[in-house]
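Below: one structure, written as structure tokens.
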Amino acid sequence: MLGFVGGGIVGLPASGPLAVCGRRRRAVRICMGKKSADVDVSGGEKKEGTAESIESLIERVEALKEEAVTSLKEASDLRELDQLRVSLIGKKGSLSSVLKSVGKLAPEDRPKLGQVVNRAKADLEELIPNLKDELEAKAFDAQMEEEWVDVTQPGLLFNQIGYRHPLIATMDRTVNIFSGLGYDIIDDPEQSPEIETDWFNFEALNTPPDHPARDMQDTYYLTEDKKNLLRTHTSAVQIRYMTNNKPPFKICAPGRVYRRDAVDATHTALFHQIEILNLQKKGEVHLGHLKGTVIYFLQKIFGDDVEVRFRGSYFPFTEPSLEVDVFFRGKWLEVLGCGMVDPRVLENCNIDPEEWSGFAAGFGAERFAMVTHQIPDIREFYKNDLRFLNQFTGLNIE
Numbered sequence: 001m002l003g004f005v006g007g008g009i010v011g012l013p014a015s016g017p018l019a020v021c022g023r024r025r026r027a028v029r030i031c032m033g034k035k036s037a038d039v040d041v042s043g044g045e046k047k048e049g050t051a052e053s054i055e056s057l058i059e060r061v062e063a064l065k066e067e068a069v070t071s072l073k074e075a076s077d078l079r080e081l082d083q084l085r086v087s088l089i090g091k092k093g094s095l096s097s098v099l100k101s102v103g104k105l106a107p108e109d110r111p112k113l114g115q116v117v118n119r120a121k122a123d124l125e126e127l128i129p130n131l132k133d134e135l136e137a138k139a140f141d142a143q144m145e146e147e148w149v150d151v152t153q154p155g156l157l158f159n160q161i162g163y164r165h166p167l168i169a170t171m172d173r174t175v176n177i178f179s180g181l182g183y184d185i186i187d188d189p190e191q192s193p194e195i196e197t198d199w200f201n202f203e204a205l206n207t208p209p210d211h212p213a214r215d216m217q218d219t220y221y222l223t224e225d226k227k228n229l230l231r232t233h234t235s236a237v238q239i240r241y242m243t244n245n246k247p248p249f250k251i252c253a254p255g256r257v258y259r260r261d262a263v264d265a266t267h268t269a270l271f272h273q274i275e276i277l278n279l280q281k282k283g284e285v286h287l288g289h290l291k292g293t294v295i296y297f298l299q300k301i302f303g304d305d306v307e308v309r310f311r312g313s314y315f316p317f318t319e320p321s322l323e324v325d326v327f328f329r330g331k332w333l334e335v336l337g338c339g340m341v342d343p344r345v346l347e348n349c350n351i352d353p354e355e356w357s358g359f360a361a362g363f364g365a366e367r368f369a370m371v372t373h374q375i376p377d378i379r380e381f382y383k384n385d386l387r388f389l390n391q392f393t394g395l396n397i398e
């Protein structure tokens, strides 16, 4: 169910003129007198075969956090601030990369590292909105100096019929493809609520509170005990359906999901996700059926001659897990994640994994609409700008 979801500190003498005299994104220059040296705080991986101690990793996190604070405060505009946010605390950022060492730690130390990384990220995330407000105010003042609107001019009259929104057209097209394959569409409020519990959104999906994968999804919690939240993926729909219905079944779950992402050209706090689940008697579906279903779907979207590539990946709720790319307009694009449902997820839904098995896949609707219609900025979908929407006349459901 896809919600698709080093360098150490250099020892220096205690005395002597010490100063931080330069900054790079991946290094800090430490100066002593007239001599200086670059200290790597990039969060890069240690060489395979070497294991860092929990103390060393915690020191590395603190160094990365200190460097991140300095970098963020020196951002000159919102774009640079967001680029720094992604490179520092994004799911592939330098802080998150430290978690790659968690597998080499003793079991009792693994939660400690996750807590330290999450606390560092939380501190930085608390700082970023204030910096963003300052930069937005600065940008607004600059804009007011350059732009003005004559409010005395008469308005424009529009009497033409509107056009289908490209995002809605993409979702309808996708749902129709899976409906044609025999999948039931689950999108009603009772079976697909946008306000979810931690159990359906995380724990039943093999993602307990201390699981590192939770770091991949910044969540809007609605209660202090973090038991209620805005769902981060429509995988929660699959858990609800498996809990309340007996297999076999095939379902497709489209819907809105929410994550605490900073808004930029590829991220919004609200977006749409579509997921499928096929659960049958054990042995009746396997990885080959999953790949065949995915290829068929992508051919319907991108054309029969589209080149598809499967790569091994990791999701807490599927095993094995795959990420899927298509070669489109001259380059490889990651388009969806999928895998065979993890037996522990079935057990959490009171389904016997010795009797039943299945596969799941999921993807973002905005991503597909942006690729197929060559839309460079996800924010265009939500501006209600007729100059943008009028480009998509004649969109039909297939």
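Under the UniProt record's numbering, read the sequence shown as residues 1 to 398, first letter to last. We put the CB at the ideal spot given by N, CA and C, even for glycine. Note that the structure is a prediction, hence the values are computed from the model and not measured.
In chain order, what residues of the same chain have a beta carbon less than 8 Å from the beta carbon of residue i, not counting five sequence neighbours either side?
i	result
H289	N278, F359
E307	V326, F327
S179	I185, C252
L72	L81, L84, R85, L88, L124, L127, I128, L131
P208	F202
A75	L81, L84, L131, L135
Quick check on residue i: does DSSP put it in helix, strand or coil?
i	result
C21	The pLDDT assigned to C21 is 39, lower than 50, so where the model puts this residue is not dependable, and the model offers no usable value.
A75	coil
E355	coil
F202	coil
residue 436	Residue 436 is absent from the model: the chain starts at 1 and stops at 398.
N278	strand
G114	helix
A364	Going by the sequence as given, residue 364 is Gly instead of Ala. Here G364 sits in strand by DSSP.
Y221	strand
G292	helix
G180	helix
E52	coil
Y163	coil
N245	coil
P208	coil
D264	coil
T174	helix
N350	coil
V149	coil
G33	Low confidence applies here, because G33 scores a pLDDT of 46, under 50, leaving its location unreliable; read the following figure in that light. Coil at G33, not helix or strand.
D123	helix
K91	coil
K383	coil
E284	coil
Q391	helix
L156	coil
With a threshold of 7 Å on Cβ separation, who are the neighbours of residue i within its own chain once the five nearest residues in sequence on each side are excluded?
i	result
K227	T197, D198
K300	I177
Q191	V237, R240, Y241
V285	N278, S357, G358, F359
I351	M242, P247
Pull up the DSSP beta-bridge partners for residue i, would you.
i	result
H272	R256
S321	S313, G339
W332	F327
L105	BP columns for L105 are empty, so no partner.
V308	V326
I185	C252
N228	T197
When burial is assigned at 16 or more other CB atoms within 10 Å of the CB, is residue i buried or exposed?
i	result
D82	buried
K65	buried
residue 413	A query on residue 413 cannot be resolved here, the shown segment of the chain reaching from 1 to 398 and no further.
Q273	buried
G303	exposed
E354	exposed
G283	exposed
K121	buried
S94	buried
T293	buried
S235	buried
N390	exposed
P247	buried
T232	buried
Within the same chain, show all residues whose beta-carbon is closer than 6 Å to that of residue i, passing over the 5 residues directly before and after it, in chain order.
i	result
L113	L57, V102
T393	Y163
K383	none
F317	M1, L205, N206, D342, V345
A369	P166, L167, T170
Is there a Cβ of chain C sitting closer than 9 Å to that of residue i, yes or no?
i	result
D109	The question asks about chain C, but that chain is absent: this structure has only one protein chain.
Open item on the list: Across the segment 143-155 and the segment 346-356, are there enough close Cβ pairs to call them in contact, namely three or more that are closer than 8 Å?
Closed with: Judged by pairs of C-beta atoms under 8 Å, the segment 143-155 does not touch the segment 346-356, as fewer than three such pairs exist.
- [ ] Would you be able to state if there are at least three C-beta pairs under 8 Å between the segment 355-374 and the segment 268-286?
- [x] The segment 268-286 makes contact with the segment 355-374; the number of CB pairs closer than 8 Å reaches 3 or more.
TODO: Give a yes or no on contact between the segment 85-96 and the segment 124-143, applying the rule of three or more CB pairs nearer than 8 Å.
DONE: Enough Cβ pairs lie closer than 8 Å, so yes.
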